[in-house]
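J.: Got a structure for you, questions after.
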Amino acid sequence: SRKVGSKKEKTLALIKPDAVTKMGSIIEAILDSGFVISKAKMVLLLRTEAMDFYNEHHSKSFFSDLISFMTSGPIVAMEVVGDEAVSSWRKLLGPTNSSIARSELPQSIRARFGTDGTKNAAHGSDSIASAARELEFFFPSSGGRAPKNTAKFTDC
Ligand code: RTP
Ligand code: MG
């Protein structure tokens, strides 16, 4: 049963291209932490889709590196459900930069499976509103535009 006062939420988790080979261990960590994975799929993002997904960062210095990284290979998109899932999943992820995560939160996902400030293994929505938008992006409720490029991984 759920903790009194806690709120069941949905969030979007992504396993980024650098960590897809470690998806078994990452999924194990998600489930061991008590989350439920209610949807999952592998996707190869187009550049236009990655730019749309990370639109909030379009003027940042790291934007082009981020888009190249996120389109460098398949990713795993998951709908993750649990008590306060948005903040709980971000907490399990650890600091954005995997090098910093290794010194500050060594048991975190980014510490264990990421590399640096760009290649950091996984993503989590940063608010309830972001989670709603990002889940709709990957798992549209009705006919909307979604990344359709779920095959041909061997082409990249
Ligand atoms: P995310 O959105 O992927 O869950 O990561 P986050 O909230 O912790 O970090 P955010 O500021 O939203 O940055 C998005 C992603 O951009 C890459 N990044 N690179 N080289 C850099 O300085 C830098 N800063 C951010 C990372 O892949 C980061 O997760
Ligand atoms: Mg973010």
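Heads up: take any position in the sequence shown, counting from 1, add 3, and you land on my numbering.
Where is the CB? At the ideal position from N, CA and C, for every residue including glycine.
Predicted model, so just to flag it, every value in this text is computed and none were measured.
#1: My parser needs the alpha helix (DSSP H) runs of 4 or more residues fully inside the stretch 81-156; what are they?
#2: Among the residues of its own chain, which have a CB less than 8 Å from the CB of isoleucine 70, if the five just before and after it don't count?
#3: Using the rule of at least 16 other Cβ atoms within 10 Å of the residue's Cβ for burial, across every protein chain shown, is proline 77 buried or exposed?
#4: Label alanine 88 either buried or exposed according to how many other C-beta atoms from any shown protein chain fall within 10 Å of its C-beta, with 16 as the threshold for buried.
#5: State the beta-bridge partners of methionine 45 as determined by DSSP.
#6: At which residues does the beta strand (DSSP E) containing alanine 16 begin and terminate?
#7: Tell me the residue span of the alpha helix (DSSP H) that contains glutamate 52.
#8: Under 8 Å: do the stretch 117-135 and the stretch 88-103 share three or more Cβ pairs, one atom per stretch?
#9: For a test of the three-state rule: what should DSSP assign to cysteine 159, helix, strand or coil?
#10: Quick one: what's got a C-beta closer than 6 Å to lysine 25's C-beta in the same chain, skipping five residues either side?
#11: Excluding the five sequence neighbours on either side, which residues of its own chain have a C-beta within less than 7 Å of the C-beta of histidine 60, listed in chain order?
#12: So does aspartate 129 have its beta carbon nearer than 6 Å to some heavy atom of the ligand MG?
T.: Walking through what the data contain:
#1: Listed in chain order, the complete alpha helix (DSSP H) runs (minimum 4 residues) inside the stretch 81-156 are 88-96, 101-107, 112-116, 131-141.
#2: Position 67 of the sequence shown, counting from 1, holds the residue named residue 70. Closer than 8 Å at Cβ, skipping near neighbours: Arg50, Ala53, Met54, Tyr57.
#3: Counting from 1 along the sequence shown, the entry for residue 77 is found at position 74. The residue in question, proline 77, is buried, as its Cβ has 16 or more Cβ neighbours within 10 Å.
#4: Mapped onto the sequence shown, residue 88 falls at position 85. Buried is the call here.
#5: As a working note, residue 45 is residue 42 in the sequence shown. The partner list for methionine 45 (beta bridge, DSSP) reads Val79.
#6: If you number the sequence shown from 1, residue 16 lands on position 13. Run containing alanine 16: 11-18, per the beta strand (DSSP E) assignment.
#7: Here residue 52 is taken as the residue at index 49 of the sequence shown, counted from 1. Unbroken alpha helix (DSSP H) run through glutamate 52: 50-56.
#8: Output reads yes: the stretch 88-103 touches the stretch 117-135.
#9: In the sequence shown, the residue the question calls residue 159 occupies position 156. Confidence in cysteine 159 is poor, its pLDDT being 42 and thus under 50, which makes the residue's placement unreliable; the coordinate value appears in the next sentence. In the three-state scheme derived from DSSP, where H, G and I count as helix and E and B as strand, cysteine 159 is classed as coil.
#10: Residue mapping note: residue 25 aligns to position 22 of the sequence shown, counting from 1. Excluding sequence positions up to five before and after lysine 25, its CB lies within less than 6 Å of the CB of Phe116, all in the same chain and listed in chain order.
#11: Counted from its first residue, the sequence shown places residue 60 at position 57. Same-chain partners within the cutoff: Phe66, Leu69.
#12: As a first step, residue 129 is located in the sequence shown; it is residue number 126 there, counting from the start. Checking every heavy atom of the ligand MG against the Cβ of aspartate 129, one is found closer than 6 Å.
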